[in-house]
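Written below as structure tokens is the structure these notes are about.
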Amino acid sequence: EAQVTQNPRYLITVTGKKLTVTCSQNMNHEYMSWYRQDPGLGLRQIYYSMNVEVTDKGDVPEGYKVSRKEKRNFPLILESPSPNQTSLYFCASSQGWRETQYFGPGTRLLVL
Amino acid sequence: SQQGEEDPQALSIQEGENATMNCSYKTSINNLQWYRQNSGRGLVHLILIRSNEREKHSGRLRVTLDTSKKSSSLLITASRAADTASYFCATDDQGGKLIFGQGTELSVKP
Numbered sequence: 001e002a003q004v005t006q007n008p009r010y011l012i013t014v015t016g017k018k019l020t021v022t023c024s025q026n027m028n029h030e031y032m033s034w035y036r037q038d039p040g041l042g043l044r045q046i047y048y049s050m051n052v053e054v055t056d057k058g059d060v061p062e063g064y065k066v067s068r069k070e071k072r073n074f075p076l077i078l079e080s081p082s083p084n085q086t087s088l089y090f091c092a093s094s095q096g097w098r099e100t101q102y103f104g105p106g107t108r109l110l111v112l
Numbered sequence: 113s114q115q116g117e118e119d120p121q122a123l124s125i126q127e128g129e130n131a132t133m134n135c136s137y138k139t140s141i142n143n144l145q146w147y148r149q150n151s152g153r154g155l156v157h158l159i160l161i162r163s164n165e166r167e168k169h170s171g172r173l174r175v176t177l178d179t180s181k182k183s184s185s186l187l188i189t190a191s192r193a194a195d196t197a198s199y200f201c202a203t204d205d206q207g208g209k210l211i212f213g214q215g216t217e218l219s220v221k222p
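Protein sequence lines correspond, in order, to chains A and B.
Start counting the first sequence at 1; every next residue gets the next number (the working numbering).
Start counting the second sequence at 113; every next residue gets the next number (the working numbering).
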């Protein structure tokens, strides 16, 4: 089944404790991206990747890192999480960046 | 950066009625997409319309695009309770980013 998976689905952590949210797609898509969704603000793009080893900042990259060592994986790293990073995070992939995005199920993060 | 802005922010209708949502954006685009999100879940793609298209249909959905006004509308005909969700438009910039609007919350009452 074609899908985008994210793990974990729910995470509670404390300020400053490094964490990684994994994202994997099995559709051989070139484009992958991360979004955060906050009430009243819609989805905002954090980082995106056009292909392996190519990543670029979205609109809200501060406090996040990503890597794209393999085509299928695009982990989101929070080196030192802060409470303002409490949010709902989505990973998405597509064949081309202007094309249909396939979204993962989301990761709810609470930073205390 | 450009932004897709949906209007209205919330819409409540009765089953069987039509629902119309609008999206405006600021700069030129190649594609405009509409997505649906059921409460807290991942977004699901509905329709993609290219800048050289004016109208597109998919089942009960009709999307129009007016590039001169930098706006698009999504019409859901004969709405059902199952259509209750948030609807987002997304536009592309020239450099690889996708910009989503804040969404329209649609409530369809049985």
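C-beta atoms are modelled at their ideal positions from N, C-alpha and C, and glycine is treated no differently.
(1) Is the shortest distance between the beta-carbon of Asp204 of chain B and the beta-carbons of chain A less than 8 Å?
(2) So, for Gln121 of chain B: in the same chain, excluding its five sequence neighbours on each side, which residues have a beta-carbon less than 8 Å away from its beta-carbon?
(3) Say whether chain A places a C-beta atom closer than 8 Å to the C-beta of His157 of chain B.
(4) How far does the beta strand (DSSP E) with Leu11 of chain A in it extend, from its first residue to its last?
(5) Just to confirm, is the Cβ distance from Pro83 of chain A to Leu19 of chain A under 8 Å?
(6) Classify Asn130 of chain B as helix, strand or coil using the three-state DSSP reduction.
(7) Less than 8 Å between the C-beta atoms of Ile12 of chain A and Leu110 of chain A, yes or no?
(8) So that I know if they touch, is there some Cβ in chain A lying closer than 8 Å to that of Lys221 of chain B?
(9) Can you pull the chain A residues whose beta carbon is under 8 Å from the beta carbon of Gln214 of chain B, in chain order?
(10) List, in chain order, every chain B residue whose beta-carbon is nearer than 9 Å to that of Tyr48 of chain A.
(11) Figure out for me which residue from B:Gly171, B:Val220 and B:Val175 has the closest Cα to the Cα of Cys201 of chain B.
(12) Would you say Val14 of chain A touches the ligand GDP, meaning its beta carbon is less than 7 Å from a heavy atom?
Judging by the given coordinates:
(1) For the purposes of this step, residue 204 of chain B is taken as residue 92 along the second sequence, with counting starting at 1. Answer yes: the Cβ-Cβ gap between Asp204 of chain B and chain A drops below 8 Å somewhere.
(2) By 1-based counting over the second sequence, the position of residue 121 of chain B is 9. If the five residues before and after Gln121 of chain B are omitted, its C-beta is found closer than 8 Å to the C-beta atoms of Gln214, Gly215, Thr216 and Glu217, all from its own chain and listed in chain order.
(3) Indexing the second sequence from 1 puts residue 157 of chain B at position 45. Yes, its Cβ sits closer than 8 Å to a Cβ of chain A.
(4) Here residue 11 of chain A corresponds to residue number 11 of the first sequence, with the count starting at 1. Per DSSP, Leu11 of chain A belongs to the beta strand (DSSP E) from Tyr10 to Thr13.
(5) For the purposes of this step, residue 83 of chain A is taken as the residue at position 83 of the first sequence. For the purposes of this step, residue 19 of chain A is taken as the residue at position 19 of the first sequence. No; because the gap between Cβ atoms is not below 8 Å, this pair is not in contact.
(6) Position 18 of the second sequence, counted from the start, is the residue given in the question as residue 130 of chain B. Correct three-state label for Asn130 of chain B: coil.
(7) Residue numbering aside, residue 12 of chain A sits at position 12 when the first sequence is read from its first letter. Residue numbering aside, residue 110 of chain A sits at position 110 when the first sequence is read from its first letter. Yes; because the gap between Cβ atoms is below 8 Å, this pair is in contact.
(8) As a working note, residue 221 of chain B is residue 109 in the second sequence. Using a CB distance cut-off of 8 Å, Lys221 of chain B does not count as an interface residue toward chain A.
(9) The residue labelled residue 214 of chain B in the question sits at position 102 within the second sequence. Residues of chain A passing the Cβ test: Gly40, Leu41 and Gly42.
(10) Locating residue 48 of chain A in the first sequence gives position 48, where the first residue counts as 1. Per Cβ cutoff of 9 Å: Gly208, Lys209 and Leu210.
(11) Position 89 of the second sequence holds residue 201 of chain B. From the listed residues B:Gly171, B:Val220 and B:Val175, the smallest Cα separation to Cys201 of chain B is found for B:Val175.
(12) What this structure holds is no ligand at all, so the ligand GDP is not there to describe.
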